[in-house]
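Residue numbers (the UniProt record's numbering), protein chains in the order written: chain A, 1 to 208; chain B, 1 to 208; chain C, 1 to 208; chain D, 1 to 208; chain E, 1 to 208; chain F, 1 to 208; chain G, 1 to 208; chain H, 1 to 208.
Yeah, the Cβ is synthetic: ideal placement off N, Cα and C, and Gly gets one too.
The model shown is predicted, which means the values in this text are computed figures rather than measured ones.
There are 8 protein chains.
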Amino acid sequence: MNKPYVRLNKADAAVLLVDHQTGLLSLVRDIDPDRFKNNVLALADLAKYFALPTILTTSFEQGPNGPLVPELKEIFPKAPFIARPGQINAWDNEDFVQAIKATGKKQLIIAGVVTEVCVAFPTLSALAEGFDVFVVTDASGTFNELTRDSAWRRMEAAGAQLMTWFGVACELHRDWRNDIEGLGQLFSNHIPDYRNLINSYMTLTANK
Amino acid sequence: MNKPYVRLNKADAAVLLVDHQTGLLSLVRDIDPDRFKNNVLALADLAKYFALPTILTTSFEQGPNGPLVPELKEIFPKAPFIARPGQINAWDNEDFVQAIKATGKKQLIIAGVVTEVCVAFPTLSALAEGFDVFVVTDASGTFNELTRDSAWRRMEAAGAQLMTWFGVACELHRDWRNDIEGLGQLFSNHIPDYRNLINSYMTLTANK
Amino acid sequence: MNKPYVRLNKADAAVLLVDHQTGLLSLVRDIDPDRFKNNVLALADLAKYFALPTILTTSFEQGPNGPLVPELKEIFPKAPFIARPGQINAWDNEDFVQAIKATGKKQLIIAGVVTEVCVAFPTLSALAEGFDVFVVTDASGTFNELTRDSAWRRMEAAGAQLMTWFGVACELHRDWRNDIEGLGQLFSNHIPDYRNLINSYMTLTANK
Amino acid sequence: MNKPYVRLNKADAAVLLVDHQTGLLSLVRDIDPDRFKNNVLALADLAKYFALPTILTTSFEQGPNGPLVPELKEIFPKAPFIARPGQINAWDNEDFVQAIKATGKKQLIIAGVVTEVCVAFPTLSALAEGFDVFVVTDASGTFNELTRDSAWRRMEAAGAQLMTWFGVACELHRDWRNDIEGLGQLFSNHIPDYRNLINSYMTLTANK
Amino acid sequence: MNKPYVRLNKADAAVLLVDHQTGLLSLVRDIDPDRFKNNVLALADLAKYFALPTILTTSFEQGPNGPLVPELKEIFPKAPFIARPGQINAWDNEDFVQAIKATGKKQLIIAGVVTEVCVAFPTLSALAEGFDVFVVTDASGTFNELTRDSAWRRMEAAGAQLMTWFGVACELHRDWRNDIEGLGQLFSNHIPDYRNLINSYMTLTANK
Amino acid sequence: MNKPYVRLNKADAAVLLVDHQTGLLSLVRDIDPDRFKNNVLALADLAKYFALPTILTTSFEQGPNGPLVPELKEIFPKAPFIARPGQINAWDNEDFVQAIKATGKKQLIIAGVVTEVCVAFPTLSALAEGFDVFVVTDASGTFNELTRDSAWRRMEAAGAQLMTWFGVACELHRDWRNDIEGLGQLFSNHIPDYRNLINSYMTLTANK
Amino acid sequence: MNKPYVRLNKADAAVLLVDHQTGLLSLVRDIDPDRFKNNVLALADLAKYFALPTILTTSFEQGPNGPLVPELKEIFPKAPFIARPGQINAWDNEDFVQAIKATGKKQLIIAGVVTEVCVAFPTLSALAEGFDVFVVTDASGTFNELTRDSAWRRMEAAGAQLMTWFGVACELHRDWRNDIEGLGQLFSNHIPDYRNLINSYMTLTANK
Amino acid sequence: MNKPYVRLNKADAAVLLVDHQTGLLSLVRDIDPDRFKNNVLALADLAKYFALPTILTTSFEQGPNGPLVPELKEIFPKAPFIARPGQINAWDNEDFVQAIKATGKKQLIIAGVVTEVCVAFPTLSALAEGFDVFVVTDASGTFNELTRDSAWRRMEAAGAQLMTWFGVACELHRDWRNDIEGLGQLFSNHIPDYRNLINSYMTLTANK
């Protein structure tokens, strides 16, 4: 009766970043802006670190929603980038779905703005088509806690797995021995407490 | 094992507004009054915008519960309006159920006051009769977060989908190209942050 | 796949009040003491109002846990009162289970202190024996929100329905026409906002 | 040793609205946007209701800060409107100070975005020049509670009186008999709970 | 430079209860209704217990503000009761001030609804006339924490002492030996945790 | 359709303590450090009290993660202690799984740092292999409430039971008559409110 | 106009612990019990560490308030211990004041339960007699944040300095070179994060 | 009676950064780590931008407190850096005070970890010597909100002005015309919402 453990696998996973646009970000109020910016960039950095196929999409870039945040464009200069002409659910855009299918991956890691629409709709659609969907909750934002909770419950009930960028990174990496430095750097860049641990450690061992 | 994605469809949906009465509203304390008023009116406006059949009902208008908030009457002057003589669960009122069935819709979008009674009871009854029920969580209010959480869990376990008015509007609209101005106006009227984006945009492009 | 709507029914329901003892109450910190006291007494008053068979039980009354709060003894002078000699899960006490079975009811409305033990254990046991269990979340208390949330999830996953005393009262009453004054009095006594509505109403209509 | 009671007086007061611009509003996160929008408009409406001289000012309207929110322009079509070319502290702008002095008022009611800069700086400057300053705390917004608290303490220590728009309206009005309908309308438009009270009352008395 | 310790004294103190009306209470959202009701009644009970002259006042009883909560009328059947015809600041009503002066007391204990108006205005006026004012913060309520904090700061800066009903009772009583039973009863009636302590104690000592 | 009640049983249970390391603990911010330290030690003490086989594991002790907190080593001097060379999911470490299987227990009680990785991953793996898993939520910590909630939902959906150390102790003990003093001492050491109850009781009964 | 910096001085300071009794502690709800217990014991330990004269007092030990928490008696076996026969303000008890004056100290460090009575009253009295008073805010507890805030403001306005046990320890110690080990041990025992830092450090330097 | 407006002046101000060390940062729990890291670096960047003399100091770098965070060393490679051998109050270290006096500035902008010790002590000492002190509240951190509030009140009562890094930057800059690009870059780097405004603006105006 329980959900089986579908475990993230580097070889099976793609990342979808939906509507992280400069205008829309002003709607996000369920998470502190400093923390949210950091989480989104951490997710982007891990996608790059694990060389996961990544797909970017936006809604109405020319209008008030604003352009994709420039950092994401810089991190993924060659990623498929679908500027949707109007579809609210990105899954309704054929180019977007085709880009996903072209990756050949069955595990979709998704984050976006706002959670109950830009994340939830394609999540529900992807689940309905048999994909495994992993929602990166802390890189997705919305109006307030009430709307977030509603969205989480709807996606969870439909079979999505709720994760965080840190959990995603750890589940993909599997074993520190695969690369200590690279993952350590990723964490140092995006987790101030971890950076402090490393800096304390470095200083003490350097002094030996 | 997971809930399938039952997607809201303009052609299949009706809206139920249950007991948004001037007296009962003083019981609502799980959400700020300014935000709640806005959410309820936003839901009403979207019902009108999408021309969804809408049904109003109240409990004991003549007593301390007070009348339906006048704005709702103004927005839906011709909607079926069932002033229940005593049934707490609106679904126990035959006129109410008949009004719903008369719409021929199978997707019910519901909101009301208070969540664990006026929303939860008809939701559970409607689910038991095979309707798809979409609870508009942010246009429903109750005594406090604890009672809200209990109510949400009970409805969700029974199969209801938890949504927000913004999610409902987006899922119904499907594609901005269906009508940019109308939906934009709806959002501008009920989402201050969105209104600001639009106003900034308008000014800048007007200055070109 | 969803839980069916098992609806509370006056004729089928019994109430279990577990370990509301003067000492144990000092452990309850997930809810304000004024509100909690009111909720517990409201549940007791509704049990009496609907003449539901009610069973009281305590754990170690002679020790630091302290006696049952005197108000509950006064409200239910003749109710079965099982002072358990040591069983933590009240369901492990034969007298308690026998008292329940003697009522002949299949719907159990339960509340107690602390939620994850005194409420959750008998709830899980009762569900395992095929009872329908309705947890009155706001008349149950525990150490903090974290332990409460854990307990709610465990009970919900096992099939319990989470309700509040107000929801229970409304679902049992079904129709105001069964008795306006009695239920109105119950609400006036335990919901200050409702009392205010009634008092405003009374004054205005008396002035006519 | 205590601050004397400087009481707001219709004849002595002017209102300063500082930098309520569509871009800057996205920085405000210490208050819910629905509530904040309502508070700002309520302050504007009361300024108009009491016919207080009102001065508008903005910072860099042509840049990312965005234009003044259009509602304010509509409410005060003829008010002095100082688009500052660069001064951060509006008091450093001679036109602004002159506009204030031209009113001949010694009581300044101020609100703006963000609290610790656009409100605090002119407040401190005005106090230093001997004005009485009344900060409308709920029509002023900033990044978060921590920055707000710092700003409030700095202004209070310097002698500002912290008020809310409702307090300002009441202190200016003095006596309901001056005009029941007008003030009632103002409150009904901006306090949902008050509107509900009035609607309940109207219905009951209309039914007499 | 610091405020001197002006200590409450049974012989010098009077109590002012301002606008605790059934309609206005729906505006109070900075404190849980169960707790607020309890605090207001606790303050009333202590005023009666210490036989302090108490003055009641209301604003527009016949309109939407509603009547004084009936419990207060019952507790103080013979207290001066000033139904103000329109003055918002009760101190602007001559009867009210005269009733206060008729008590001959210089220490005023005040509580009311809403804090920044009905409490703050007469507090500031009374301080300006040389009274010592003690604001009972937990028996005064308002729209939200933001407006409360503003009001507290304004009154404190003007010289008011902020207290709670429990602090007031303790400072007036001075010594338990003056009357153990009476004060114990007052606390047992209004502090659930204290009632539990007493009940545990009674049971254990009765069992000796 | 509901989870059956799998009840903790002293004879069937083992405890897994994952990565409670001095460095990693600085990452835990969803729970107060005083409370968290107490909860972890309470879980350790109960494991010892019930003589449950307990397995300790750490990740990179020599690096910035730091050593296992010394208290745990002292409480379990002979427990299997697996210092993992790199596997992030402890279940990927054969020694760890073998140590678990060597206990012959099917009920696994697990806690660790951080919840969404060090707890969630082995929980999901163990469930997939048919173990019953009981997550001790209050002895597990992570970055913030958002990441905790995501992790809880993922584990719960996969079939884990969410408990607290107090619930675990009570479910294992079953009946106070098995040993009043031992369990009482455990609670007195880790629940200040309980300690107070006992101390009050002891004093009163000693005085008899 | 500002308070001068009266700096704590080992040679000038005495500690007053007021009414930390097992029954009264159940009233404290503005701080988590684990944290509060730790803070009170930390204050006691620092008083002992700096050999400050310490005075204990209780109110009605034989009644429901319960005895002084035993740990305090153990830490200060020879301290003056004034069991007050009835005075609520400890300063009204001559023995208490005499014990203080006998120390010859002018700096009083005070903590107790509950803040607005047992701490605030003697604080105000001591200030009135010219003592310097340092309130240890985190070792003092009360019913809720609202009552705490009121109490803090009243004491601060009267001239008390608000500190924490950690601040007190640091201000008394002045220089780590006076004794690294002793103060380090105090912090390690009462600040889990500090203990972790030390344990990480010890392990790394031991490994050199 | 009020504090005069001492306005920050580029020519008169120096910055003190006290004990932002990698170990001590794990004690900071009154502010989210992402936000805190950003605030500290923002303060450092503004000190550099305005070319304010800046002084760094640490306590026990070789021990568990850890080294100064490397970013600060990089930003201020030539700043006076006083590694205190033991003084807890940095003002007790002669080199530190001399370094300050050597700057010839009378306005001290201070931030550090933890607020009630490393910030409050030198703040109080500096005020006592006649300096004007501006505490950057959001670049200073401590154990929790309770200890922060105590510390703020103590410093404020002694005459410190509480500010934020954003307020400091704005008060120093005075007029955007002094340098739009530089300050804009500073804000864009440290205020995500501002960065979004700029990016939206740039895109729209570039498209013209």
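Exposure label - residue i; buried when at least 16 CB within 10 Å
i, result
"ALA102(G)", "exposed"
"PRO77(F)", "exposed"
"ASP179(E)", "exposed"
"PRO85(D)", "exposed"
"GLU156(F)", "buried"
"ALA158(H)", "buried"
"PRO64(E)", "buried"
CB contact flag (residue i, residue j, <8 angstroms)
i, j, result
"ASP193(A)", "SER26(H)", "yes"
"ASN199(D)", "PRO67(B)", "yes"
"ILE82(B)", "PHE60(B)", "no"
"ALA99(G)", "ILE55(G)", "yes"
"LEU43(E)", "TRP165(E)", "yes"
"LEU72(C)", "LEU146(C)", "no"
Which of helix, strand or coil DSSP assigns to residue i
i, result
"THR123(C)", "helix"
"THR54(C)", "strand"
"SER140(A)", "coil"
"ARG84(E)", "strand"
"PHE134(B)", "strand"
"LEU8(A)", "coil"
"ASP175(D)", "strand"
"VAL69(E)", "coil"
"GLN21(D)", "strand"
Interface residues of chain E facing residue i [CB-CB closer than 9 angstroms]
i, result
"ASP45(C)", "In chain order: nothing, as chain E lies at least about 14 angstroms away."
Closer than 8 angstroms at the beta carbon, the chain D residues around residue i
i, result
"VAL6(E)", "Going along chain D, no residue has its Cβ under 8 angstroms from VAL6(E), so there is no contact; the nearest lies around 12 angstroms."
Nonlocal neighbours in the same chain, by C-beta distance under 6 angstroms from residue i, ignoring five residues either side
i, result
"ALA126(E)", "LEU108, VAL133"
"PRO53(C)", "ALA14, THR103"
Chain-ordered chain H contacts of residue i [CB-CB under 8 angstroms]
i, result
"GLN161(G)", "ARG154, ALA157"
Within chain F, partners of residue i - CB distance below 7 angstroms
i, result
"LEU24(E)", "The contacting residues do not exist; LEU24(E) stays about 36 angstroms from chain F at best."
Partners in chain G for residue i, counting only beta-carbon separations shorter than 8 angstroms
i, result
"PHE166(E)", "VAL114, GLU116, VAL117, PHE143, THR147"
Within chain F, partners of residue i - CB distance below 9 angstroms
i, result
"HIS173(A)", "ILE88"
Under 8 angstroms by beta carbon: chain B residues contacting residue i
i, result
"ARG35(E)", "In chain order: nothing, as chain B lies at least about 12 angstroms away."
Contact list for residue i against chain G, beta-carbon separation under 9 angstroms
i, result
"VAL136(F)", "Here the premise fails: no neighbours, minimum Cβ distance about 16 angstroms."
Amino acids of chain A, ordered along the chain, whose beta-carbon sits closer than 7 angstroms to that of residue i
i, result
"ASP193(H)", "SER26, PRO33"
Amino acids of chain C, ordered along the chain, whose beta-carbon sits closer than 9 angstroms to that of residue i
i, result
"LEU204(D)", "SER200, TYR201, LEU204, THR205, LYS208"
Beta-carbon contacts of residue i that lie in its chain and below 7 angstroms, excluding the five residues immediately before and after
i, result
"ASN89(B)", "PHE121, PRO122, SER125"
"LEU162(C)", "VAL135, THR137, TRP152, GLU156"
Proximal chain D residues relative to residue i, where beta-carbon distance stays under 7 angstroms
i, result
"PHE121(E)", "GLU171"
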